[in-house]
Structure formats: structure tokens, C-alpha cells
Amino acid sequence: MEAELVGIAFSYEKGKGYYVTFPEDRDKTGIILQLFQPFFESMEIEKIGQNLKYDIKVLNNFDMRVNGPIFDTMLAHYLINPDMRHNLDVLAETYLNYDTISIETLIGKKGKNQKSMRDVDLVEQTEYAVEDADITLQLKEIFTPELEKNQLSKLYNEIEIPLLSVLADMELEGINVDVDFLKSLSEDLTKDILDLERKIYSEADVEFNLASPKQLGEVLFDHLKLVDKPKKTKTGQYATNEEVLSYLAPKHEIVARILEWRGLIKLKNTYVDALPNEVNNKTGRIHTTYSQAVAATGRLSSNNPNLQNIPIRTERGRQIRKAFIPRNKNYTLLAADYSQIELRLIAELSGDEVMKESFLKGEDIHRSTAAKVFNVPLEEVTREQRSHAKTVNFGIIYGVSAFGLSNQTNLSRKEAKELIETYYETYPTLKKYIAKQIDFARDNGFVETILGRRRYLKNINSQNSIVRSGDERNAVNAPIQGSAADIIKIAMINIQQVLKRDNYKSKMLLQVHDELVFDIHKDELDILKPLIKYEMENAYKLSIPLDVEMDVGDNWLEAH
DNA sequence: GAAGTCACG
DNA sequence: ACGTACGTGACTTCA
């Protein structure tokens, strides 16, 4: 969103390339760039690049659109080996046995002394830039047959490449944020935080840096001696994480206050005070960046700022969502999320008829699971039974152990073990499916999603039971989490296509793994609400329904 | 830059 | 006997 255009390097033949530089003056840059319009807008010429979303966004900010076929080496390699890094220097080293010029040798290390590429000697600039273009072209020649060999071409061409442009649109669009509201939240938080600090220091009888886990541990366990045998972290420091403190909280007032302080300071530092600084000067909106090649399962990630982890679980935290608002009074926010998509997928992929039946009947899956495992009628399921069933349902997706389940609930190890056993008796096919996934991974060295997205599990046959168990859990989890990611990606592509084709004023703004957030023009709401629901629910055909819940509101909290 | 912590799905 | 639920990103401290 801020980058200047210093130069563009081209290569269309191995070992050869050309470099075009641009002046600092934006208008002059625009005039020169116009000469390349026939190239960038050509529907015939394929543009090959590394992380093209970045280039497309920069060009867009200079009023240049990129059309026609594209090939992205980063995305190609993400499908070829999702667990590896996908930087150009790593790829060049791995696949071309070639050491690239490091950018640091040209502009220096990160920090205030780092130079702009514009100030680098033109010969060095040219060498660096042309090398980039040359290598990218050479990698493409290697990755194209590799995608084909692993049956990834369809996923690549029909999902990841079209999604690249959709994400570029969403990032350029940004989202409107009520900065005044955040400022007032910040003042409220400051008061409560200072109050808590005063009380904590007084109860501890010493002032220290509350934000330092090291100092906090010493105060709690050396100075106040709250327990005989404090738990330690792997570096030998006292552990003071939430699990440890929650256990101590009922016995010591100070601990409850520390937990509250931790919660409030997190909200203030990470969200309330940080988000206003992320508002772009020119657009007045917050523009996240989605990483399409980071999560090994096929999910997206979001950074600078991360808009996929805005609080919702606590009352104080969810207030922050009120700061995310529509473009103006003619718009409203629409949030649409898949209901239980991962459990629906495990039901579908395993073919378990009992679990599928619950979804076909439109039942609340956790309630229905509770009724079955605790052997009571649906109407008589207690809150606690439903909660335990919910924990097991999610645990199964991750490969939970009796230890893990008893940790997450108030059940003993023995009770947890029995609950898991009853669970598998309730959904008998699920157990077979898990075994089948692990067997497949052992035989093939990878598992795959409904669209053939692979994850390689190199430790699946390891002698070391710890790393082997890790891969066994991934053999079950990756296809579930990854297939859910596949489905929402299809929906995003199809929705964006309609929004653009029919020139809607409404925009898709955010993706949060199983949720999409839209800025909807009020005149378009009646058409788009059912359209979006349809596109999401029908993105991929399963033998059970996909269900999408949606709501509108004047802010993200109301819409959710 | 590692470690500890904690926010989300 | 061992370790113990998947996937992320950001902030703060501290060596």
C-alpha cells in the first residue's frame, strides 16, 4: 500500500533479462508505466512472478491492472511442498543450486540505516533485479511438470491462482474502523489496568514489572511462596501461563487480579492501541495482508495487522469488534460463517452414517453427540453433557488423548478414556476412518484434501513415538482443516466473480477461516444475502448439507 | 532473536 | 516410560 516503484525486471529467456527504472515523480512514473499497458493487460501473454499478489497490488496503486494468465512460483511451490519455506533464495538454492545476491548486501540490514533500493548503484540494482526475473522463469520450468506429476495442476490453476487476485482485491479494499471508539475503549482500559496494578503491587508488597513473566514468577513463588513446587518452563523459569495461574486463582486474590490484568493489557496493546496506527493515510482504512503460502494445511493467514484473531470470546474483548464498521451510512456489514464445517467434513470423509444422519436432520451436533454418548433423550441433555460432547467432537478432529481430554474438561483420566471409547462406539466408522488415514499416510508419505492438496508426513514411520504420533494426528487433521480451506476458497472465487461481473457496489473484505465479511450496499442486500449463502453452501457438493449462518449489522459484532 | 504468553478458527 | 489436540500472528521481556 505504501511501496514506491523503483524498477521492473523482465526475463523471457534463461540467463537473460532487462531492467526498467522509474523516477521518484509519481506522474512521470505513470507515463512510463503506460507504455507497458499492452503487456500487463494482454490476455495472451503469461506473466510469471514470485508472489505476484504483491506486484499486482503495487501496480494497482499506480493505476495499472494486470490481466491474462499468471504463474506464481511461490504458490506453485506451496502446493508442491507446503511445509517448506517458499522464498526465492531458498527455491533458487534448492532447485537450481544457485546462490542469489542477498538484498542485505545492497540495502543493508533492517533498521533505520537501511537504504532504499533507489539509492543502490544502478549496475547492482540491475544485477539483483534481473537475477530475480531470470530465476523465477527458470523455477517455473521446473514447477510446471512437478505440479502435473503430483496431480496438483487443477488445484493450482482453478483455486490458488484465481484466489490470488481475489485476495489482492480484498487487501486493496481494506476495512473501515472507528478510531474514536477505539480511543475511548483505550481510556476505559487504562483506568482499569492502573487500578489493578495498584492493588497487585500492594498485595505483593513489592513493585515490579508485571509484564515480565520472569519477575512475576519470582514474586509469586519466591517472594509470596504461593506453592511448594512451582511448575517450570523448559528453560527452568517459573511458568506463569494462564493454565498455571487459573489453578491458583481460587486460593489467592492476587492471582485473579493478575489474570485480569493480563487480559486487559493484551486487549489494549495488541488491538485497541495498535489498530488505529494501521489505518492507511490515503484510504483511511485498514489493509491486512493475507499469506497464501504459509499455513501447511491450505489455510490463509493474515498479518500487518492480523485481522483473523480479533477478540470475541470475552465480553470486554468482543467490544473491539464494534470498531469494525461499514464504509458509510449506505452500507452494512454482513458476516457469513460455515456452521460446523470441519465436523461435517469428518462425517463426510469417514462416511459415518450416524454422524451424517445428525447433519441431515439439521440437529445441533454437540447436543446430538451428547444424547448418544450419555444415552439420554435429546431434550434432556444438560449443559455440561453438551459441553463435554463438544470438547470430544473437536478433540477427535485433532487426535485427542484421554490425558488431553481430561485436561480440557473436569473429567478424570479414567472418565475421559471411557468417554472417548463410548464416542467411538457411537460413531463406529470414525475410528476406522482415522486408522485408514494413518495407513494411507504410512503407505504414501502424504495425506490429501478433497481437492488433492497434499501434506507430506515424513515422520509417519519414525521409530520415535513422539514425532510419529504428531504425524499421525496430522494425518487426520490436515485433510479436515485443509478441505474446509479448499471449500471457502472456492466460495470466495465464485462470489468475487459475481460481484465484479455484475458491478455490485458491495465488496468482500475479510476471510477468517470459516467466515467471510462483506461491506454490503443497502440497496443490494436483498439480492446478495441469498446469493452469498447459496455460493457458500454450494461451493462443493457433499452428501450432507453445508450450512451457512449470516447476519448483518452496523459493526462486526452485530453482524456476527 | 528466542522465549513466554495469548488472541483467533 | 514418555508425552500428550490442529493451524496461525503479535506483543513484551531479556540476553
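Counting along the first sequence from 1, when you hit position 211 you're at 1225 in this note's numbering, and nothing is skipped either side.
Built from N, CA and C at the ideal position, the CB exists for glycine as well.
These numbers were taken from a predicted model, which means no experiment stands behind them.
Is the beta carbon of residue i less than 7 Å from the beta carbon of residue j?
i	j	result
His1100	Tyr1112	no
Ala1337	Val1191	yes
Ala1307	Leu1089	yes
Ile1046	Ala1106	no
Met1184	Ala1350	no
Ala1147	Ala1023	yes
Lys1213	Arg1271	yes
Ala1361	Ala1384	no
Val1562	Lys1547	yes
Leu1186	Asn1074	yes
Leu1120	Val1137	no
Pro1647	Ile1507	With the chain running from 1015 to 1574 in the structure shown, residue 1647 is simply not present.
Gly1021	Tyr1032	no
What is the rounded straight-line gap between the Cα of residue i and the Cα of residue j?
i	j	result
Ile1326	Val1258	23 Å
Asn1517	Gln1511	10 Å
Lys1248	Ser1382	41 Å
Ser1497	Glu1174	14 Å
His1535	Val1269	48 Å
Ser1557	Leu1425	35 Å
Leu1444	Glu1027	53 Å
Arg1468	Thr1087	17 Å
Tyr1470	Leu1240	46 Å
Gln1139	Lys1129	12 Å
Lys1543	Ala1505	14 Å
Gly1044	Lys1154	29 Å
Quick one, which of the options has its alpha-carbon nearest residue i's?
i	options	result
Lys1299	Glu1141, Ile1339, Asn1508	Looking at the sequence itself, residue 1299 is Arg, so the reference to Lys does not match. Out of Glu1141, Ile1339, Asn1508, Ile1339 has the C-alpha closest to the C-alpha of Arg1299.
Leu1166	Asn1407, Trp1275, Ile1094, Lys1071	Ile1094
Val1080	Leu1273, Ala1106, Glu1439, Met1057	Met1057
Thr1436	Glu1377, Lys1386, Leu1102	Lys1386
Glu1367	Asn1421, Ser1216, Phe1408, Thr1440	Thr1440
Val1461	Asn1488, Lys1205, Asn1323	Asn1488
Asn1569	Asn1478, Ile1121, Thr1346, Leu1151	Thr1346
Ala1455	Lys1343, Arg1427, Pro1096, Asp1485	Asp1485
Ala1288	Ser1260, Lys1243, Ile1324	Ile1324
Ser1260	Pro1391, Ile1541, Leu1359, Gln1422	Gln1422
Gln1322	Leu1524, Ala1253, Arg1397	Leu1524
Ile1464	Asn1508, Arg1515, Leu1281, Ile1502	Ile1502
Met1078	Tyr1109, His1301, Ser1216, Phe1053	Phe1053
Ala1182	Ser1401, Val1072, Thr1297	Val1072
Just to confirm my understanding: we take residue i, look at its own chain, exclude 5 residues before and 5 after, and list those with CB closer than 6 Å. What are they?
i	result
Val1490	Gly1413, Ile1448, Gln1451
Ser1315	Ser1305, Val1308, Ala1309
Ile1355	Ala1498, Asp1528
Leu1234	Leu1240
Glu1538	Tyr1518, Ser1520
Let's test the definition: count the other Cβ atoms within 10 Å of the Cβ of residue i and tell me whether it reaches 16, buried, or not, exposed.
i	result
Lys1555	exposed
Gln1051	exposed
Phe1417	exposed
His1237	exposed
Gly1376	exposed
Gln1048	exposed
Glu1393	exposed
Pro1493	buried
Lys1265	exposed
Thr1328	exposed
Gln1495	buried
Asp1500	buried
Arg1427	exposed
Using a Cβ-Cβ cutoff of less than 8 Å, which residues in the same chain neighbour residue i once the five nearest sequence positions on both sides are dropped?
i	result
Gln1251	Pro1227, Lys1228, Gly1231
Glu1256	Leu1273, Arg1276
Pro1290	Val1191, Val1193, Leu1196, Lys1197
Glu1038	Glu1018, Arg1132
Leu1374	Ile1558, Pro1559
Which residues in the same chain have their Cβ closer than 7 Å to the Cβ of residue i, if we skip the five residues on either side of it in sequence?
i	result
Glu1145	Thr1114, Ile1115
Ser1364	Thr1443, Leu1444, Tyr1447
Phe1157	Thr1087, Ala1090, His1091, Ile1094
Asp1206	Leu1278
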